[in-house]
Structure formats: structure tokens, C-alpha cells
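What follows is a short report on a single structure.
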Amino acid sequence: MLTRVTSLMTLAARCGARAWHDVEEDVMADQGTVELLRTDPQDPPVGVVDRTPASPVARLVLVAVAVLGAVAWTMIATARGETVNAVWFVFAAVATYVIGYRFYARLVEQKIVRPRDDRATPAEVHENGHDFLPTDRRVLFGHHFAAIAGAGPLVGPVLAAQMGYLPGTIWIIIGAVLGGAVQDYLVLAISSRRRGRSLGQMVRDEMGRFGGVAGLLGVFAIMIIIIAVLGLVVVNALAESPWGVFSIAMTIPIALFMGLYLRLWRPGKVSEVSVIGVVLLLAAIVAGGWVAETDWGQDWFTLSKVALAWWLVAYGFAASVLPVWLLLAPRDYLSTFMKVGTIVLLAVGILLVRPEVQAPALSPFALEGTGPVFAGSLFPFLFITIACGALSGFHSLIASGTTPKLLEKESQARLIGYGGMLTESFVAIMALITAVVIDQNLYFVMNAPGTLTGGTAEAAAQYVNGLGLTGAGITPEQITAAAENVGEESIISRTGGAPTLAFGMAQVLASAIGGSTMASFWYHFAIMFEALFILTTVDAGTRVARFMLSDTLGNLPGGARRFKDPSWRVGAWVCSALVVAGWGAILLMGVTDPLGGINTLFPLFGIANQLLAAIALTLVMVVVVKRGLLRWAWIPGLPLAWDLVVTMTASYQKIFSSDPRLGYWAQHNAFRQAQADGAETFGSAQSPEAIAAVVRNTFVQGTLSVVFAVLVLAVVLAGIRVMVRAVRAGGLPTSEEPDVPSHIFAPRGLVPSAAEREVEAQWREHVTAGATADRQ
Amino acid sequence: MSGGSSGSVGSPVWAGGAMRRAVRAARAVRWYAASVLGERDYERYVAHLARTHPGEVPVPVAQYWRERHAAADRQPGARCC
């Protein structure tokens, strides 16, 4: 039983003027280490602060985890000359996450976030049964994870595997623990103290108009490039693949059917319709195999990259002007279902099969910077290529605005924000594993651009055998056989990461379930779910960007004010068209790029994503400094400094490097010179038109990288100005909302503690008693 | 209180037998999947209304989802890469 021991005096001393606080201690259970927070004497406690030291068993488990992690890291890092098993990656990752979550996230919680469960979250204060809705922490975890994780963490690590497995593994795990998870957690915590406001609004509130405008433009530009590059990944995965195109095309009628089903027949039966949708989806993958065998199937569904890009543009426009219920919402259900299912499947597959790693720890490309997948050396380009999975700025758009409106208790932000990012990091590790367990010759056959592999099995084999990879080379017959095994015409230069991941996944899953007869099914299954994620990002992203645009246009004087009205269809169509034209142009530029597309555009994607992280981390740091927590400002400062060093070095090299493979402008000038000299062919450009295309593309890419860097520097400078003012003034007021007492209870972590269980029981009793009293 | 999910997992902990446990696990998975997808949002809205505006009649489920989707049309949520 709980005994009340504290008096009103301690209450007043502890909580200052806020009279609704009450503090109570559970003396019998834990010698005063469990503190119960109350806001209403009639109600059970609304929070539990448990300072009970960890039990000896829990300590032993932590020590065991740490030891396992140390062993796993040693295995990965010191294996030279012998192969290392992929299971060690899983152990190293999980052990590091456990230690990071237990100790570092707790430090962040205690020193910066300082959650108080007697304070109501925006979800509780503004609960409306719609977007503000206190949500069970486990459900919200799934929700948040489904919103942050997409194709990004699957693609980046695959491309980065050209540098060997070690640098990518270290960056994904350590980067998430010290960087990405800290960003997500702190943005979530800050936004939930500000009514769940969006990142753009918070930047304006905390850093003034100038910072706000630069931030908004930055977010918009970054969104456009992200959609374009993800679109490029899909196009590369589906081009010349009738099987893939058919299955993906089928997702549109399936989604429309689901939308109508929910609207007309069974409103709200979401899981029912999702199960139907997933069954239809699997049927579409199987049917794709048959269709690709037929003449008409090959006729209809074999599309070139350019044709696919146009289809994607048309789709993006249609999806962003069609009502949400018809296409976007059902597609989102499918995507969530497939996302969680596939990731679990892959994890189980890796643990069952325990494949051996084929890639070296560190490849020569890491130091020389001459890799065919993307140019540039380990620093900074590895850290650019792997953005999602280690530090992804895009998450700050979810962690502000969406998730805080569903958060039940402030203390749960650690589980949702920090824990959610660790889970994404784990997905990235699994993607890395699939890329390093496949034959490394095949890895480069698939990932080197077509201008290098030549497109035929003979030329590709010759090219890859000349790369100086360790181990035996590859024959043209082996390349053709590998393609046939997964049911594709060719796997040469299938750049973009998705096909490689699908290939690795097919290899892992086929050895676990179904053998080689199932390999082609698994390959297309993986392609399908990646494309599904990306299409979900494309339509949701186009919609969000369209709203940002119409909002901005609506601020202009005169007739443009009408753009503010979201129900004005003409405005919606115009803005959608502008947004789609923006990313569509970059996408088409990428697919027709004589230099390869992915290797020129993917760095821009990574830079953009991490510059967004710089904006988010600057915001966090400004808030921390304003609150006078100077001593702990290094917690967001560390990832911010690293992120700025990486992105600014990369931007500098992309803008100023004299090496044409690396610098956009150096490439631009070289091709312009060739154009001026009247050259017929130059470098990998085989015609005057191709030379002109390179001149144009490098101009666009160079300009974009300048624009991104300038916008972000503007935000950072605005942030520094505010921080200097705050330090001089010894702290400044922030835009935090006033405290409102909470009247609900929920446990903090995934598993409730003993004290939390007891409080939960009290609430159940209380609610039942209340209901009985109401009836009488 | 809105966090009372454990009640929906059903039969008590002591319920023995592998079969029982499997049923419980399946039920928990179903509960979780449905909740993440938002299937329980309408129930929660009804409960919320009963708590905050007793006596007010909740809108029917079809209407509720129409409003939810209309709101999403006006204010879209981002999806990450």
C-alpha cells in the first residue's frame, strides 16, 4: 500500500507557485526512491519518478550486453584475412543501442529534456479525437517508426558498401547513438512543449523572421531534391523490368480499391482492408512473374527510364490532387504493413542464415576516392551517402508537428524519439549486411554506372575483373546466371541501391525459405516494397511541399492571398504542378545523365538531408542555450559540429574541387570547354547532345549545392546570433507553452515498472469506481 | 485513461497452456497492428467525447473517417525517406 508522507510544505518548496503539484513517496515499497506525482487529490498519481537503483540481475544483464558488444565489435573490426559472420554486426549494433539507450539517452533526458509527467502534453491538452490524441506508447512507437523509416536507410548503406563494411557500420551505429537519435529525441521533446508546432514554425519563433524564412526555403528545396532522388532510385530499379513494373503498377488499382472499400462499404475497418490489400499485393508479385513471360506483358510493361520517369511525374501530380482517402491513405496502410513485416522478415532471415561477409573491411576506394558507385573519399562522402539510418534531418519534420500531438506523457519521448531512431539505425545495419554478403564482383556489376560496365555481360565482367577486387574474378556467364536466378533480363548497372538490396535479400531469404526456386519471388518482393515506400514518400512529400508553397504564395500581397485557402482547387493544382515540375525536372535530369545519375545526384540527396539536420540541431541548440543549460549544450553541439564539418566539406568539394569527377563546376567547365571546342564526344558523353546535357546538369547540381549551403549557413548564423544574445543575457525566454496539469497516467518505457503497474491498477479501479458512481 | 491497452490482450497471465499463450500472442499482434493503422481511433474518439462532452452524440464512423480524411487533405503529414 502507498502511504502519503509529504506535506504541503515540501510541495510548495519543490514546485514553487504551481499549486497543482503534489508529491508523494512510496516509503514502504522502496525506501523513498519512488516518487509519485499527483495533480488532483481525488485522482491516482499521474506520474512515477523511479530512482530505485538497478537490481543486481539488471546490472549483470547490462554487463553481459556490454561484454557481448565489445566481443562483437572486436570480431568485426579486427577480422583480417578471414571472413566475418554477419551475426556479429547484429550483436554489435544491438548491444551498442542498449548501452546508448540506457546511459546516453538517460543523460540527455536528465540534463536537457527534464520531462515532467505532472505536466500535460499537447495531445492531452488539445485532445480532439482527430489529430490530437494521446496514444499508447507502443502504438505511437510503431506509428512514428513507420513515418520516419522508408527507403533511405535501405539505400544509403548499400551504396556506401563500396568502401568496405567497417566505416559504414561504425557510422550507422555511433552516428545514430550520438547524433540521429539525439536530434529526433530533442526535436520531439521541444515540439511537445510547444503545442506540437512544426520545425519551420519553431525556427521562426526561436530565431526570428530571417532565420525562419531561410529555414522554410531550405526545407522546401531539400524536400524537392529528396523526392527527385528517391524517384530516381525507383526508376532505376524498375527500368527494363516488366515484372517489377507490373507489380508496382498493380499497387495503384489495389490502393484505389482499398480506398473505395473503406469509403463505401466498411468505414474504419483498416486492418481488414490492409490484409486484403497485402494478399492482393503478394498475388500481384506472383502474377508479375507470369506476365513478364508473355509477349504482351513484355510489350506493355518494359519501360525505358525516361518513360518511367514521366509516369512517375504523372503519378505524383495525380496523387497530390486526388483526395487523400482514395489513394494516399490506403497506400499508407499497405506501406506500413509491408514495412514492418519485411523488416522483421529480413532480421529473422539474417539470424537464421547467418551469412558470411564477402566485402573487405576497408576497400581501396575508401581512401583513394575513386569508387564507381559515388565519387569522393571516405571523409566526408561516406557520412553523406549514409544519412538516413545515422543522422537524418527529415525526421525532424515528423518529430515536430505529427508525433508530439499523439504523445501521452513527456517522459515517453525518449522511447519514441531516441528508441525510434535506434530502430531505424538497425534497419540500416541490415541493409548494409545484405550488400556485403553478396559476391563483391556482382556488387560492382550492379552498382557501377552503365558508362563503365558497358551494359553487356562480357564488358561488365572485364570491367569488374579490372577493379582489383580481392578473390576470384567473375565470368560473363556468372553474371547472366545471377540475373536469371532472380528472374531479370539483366542486372548490369542497376544502380540506386534498391536492386542490390533486393538481390542480397533474395539470397538471404531464399537460403532460409524456399531455396533458389523462390529467389526471383523474393527479389521482386523486395523491389516491390522499396518502390512502395518510395511512392508513399513521393505522394506525401509532394503534398507537403505543395502546402508549403501555397502557404508561402498566400503571404504575397494582392490576389495571391487566395493561395492560403486549401479548398481552392485551382491553387492546389497550380502549386502541385509547380512542385512536381521541380522534382520532375531533376528526376529527368538524373535518368538522362550521361554520367550516371545516381553517382552525381545521390551526394546531393545526402547533403540536403543532413543540412536539414543542421537546421534542426541549430534549433535544438538555440533552445538549450536560451534555457541557460550551457553546460549541456555539447549534447546537441557535438552532432551539429560534426554534421556541419561533414556537409560543409562535402559542399565545398562539390562546388570548388578541381577534380571533375568530384566537383560539379569543374565538370561543368570541362564539358563547356569541350562544347566550345566543338567536340563530338567527351568523357562518357557520346554525342554533342550528351555533352550539352552534362553542361546543363552540372550547372543545376552546382547551383543547388550552393543554394543549400548558403541557406543552411544563414540559419546557423541566425542561430549563433540568438545564442550569443542568450549567453550575454544569462538565458532568454523561449516559446514554450505554459504548464497545464496532467490528469492521465501512462508508463514511461516499453515495459512498465512495478510501481507503474500498481498505479495503472489504481487508475483502472478509479475509472471503474467513477463509472459506477455515474450510473447511480 | 487512454493507455489501457493491456486489458485488450485478454485472458489473465496465469492462463496456462501453449495454445492459450499462442491465442493471446495472436490477439496482441492483432491489437497492435490495428492500433498502429488507426483502426481504434474511432473508438477512442467516442470515448473522448463521452468523457469530455457527455450527452453529445458522436458522429457515425463513416462520417468520422470522412472528417479525418478531409483534415488530412487540408494539412498533410510528411513521410520520411
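In order, the protein sequences belong to chains X and H. The numbering used here puts the first residue of the first sequence at 1, with every later residue one more than the last. The numbering used here puts the first residue of the second sequence at 1, with every later residue one more than the last. All C-beta atoms, glycine included, are put in the ideal place defined by N, C-alpha and C. Predicted, not measured: the structure shown is a model, and the values here were computed from it.
On the CB-based measure, 16 or more other CB atoms within 10 Å of its CB, does residue i come out buried or exposed?
i: N447(X); result: buried
i: L60(X); result: exposed
i: L391(X); result: buried
i: A70(X); result: exposed
i: V722(X); result: buried
i: S7(X); result: Note that S7(X) has pLDDT 37, beneath the 50 cutoff, so the model's placement of it is unreliable and no number is given.
i: D299(X); result: exposed
i: E127(X); result: buried
i: A181(X); result: buried
i: F656(X); result: exposed
i: C80(H); result: buried
i: G152(X); result: buried
i: L351(X); result: exposed
i: K409(X); result: buried
i: S241(X); result: buried
i: F605(X); result: buried
8 Å is my cut-off, CB to CB: does residue i come that close to chain X?
i: V61(H); result: yes
i: G77(H); result: yes
i: V29(H); result: no
i: R68(H); result: yes
i: G17(H); result: no
i: E56(H); result: no
i: V23(H); result: no
i: A34(H); result: yes
i: R20(H); result: no
How big is the Cα-Cα spacing for residue i and residue j?
i: V620(X); j: G55(H); result: 44 Å
i: G211(X); j: G420(X); result: 29 Å
i: L595(X); j: N555(X); result: 40 Å
i: M338(X); j: G277(X); result: 10 Å
i: L717(X); j: I615(X); result: 11 Å
i: A189(X); j: I285(X); result: 41 Å
i: Q201(X); j: T470(X); result: 52 Å
i: W73(X); j: V90(X); result: 10 Å
i: A519(X); j: I438(X); result: 13 Å
i: C388(X); j: E765(X); result: 45 Å
i: V87(X); j: T475(X); result: 30 Å
i: M589(X); j: L452(X); result: 19 Å
i: S567(X); j: T135(X); result: 30 Å
i: S363(X); j: A526(X); result: 27 Å
i: F444(X); j: L260(X); result: 44 Å
i: V158(X); j: A666(X); result: 28 Å
i: P76(H); j: G401(X); result: 10 Å
i: E206(X); j: H395(X); result: 19 Å
i: E458(X); j: L367(X); result: 29 Å
i: G454(X); j: A460(X); result: 6 Å
i: W642(X); j: I173(X); result: 15 Å
Once DSSP output is grouped into helix, strand and coil, what is the label at residue i?
i: P741(X); result: strand
i: E35(X); result: strand
i: R807(X); result: Because chain X is modelled from 1 through 776, residue 807(X) falls outside the range shown and cannot be assessed.
i: T135(X); result: strand
i: A221(X); result: helix
i: D295(X); result: helix
i: V213(X); result: helix
i: F682(X); result: strand
i: V625(X); result: helix
i: D565(X); result: coil
i: E765(X); result: helix
i: G719(X); result: helix
i: A773(X); result: helix
Would a check of beta-carbon distances place residue i closer than 8 Å to chain H?
i: V544(X); result: yes
i: F394(X); result: yes
i: S274(X); result: yes
i: C575(X); result: no
i: Y652(X); result: no
i: T536(X); result: yes
i: V570(X); result: no
- Item | Length at least 4, wholly inside the stretch 448–535 of chain X: the alpha helix (DSSP H) runs in chain order | Within the stretch 448–535 of chain X, the complete alpha helix (DSSP H) runs of at least 4 residues are 450–453, 457–465, 476–485 and 498–512.
- Item | Within the stretch 56–99 of chain X, ranges of the alpha helix (DSSP H) (whole runs, at least 4 residues) | The qualifying runs are 56–78 and 87–99.
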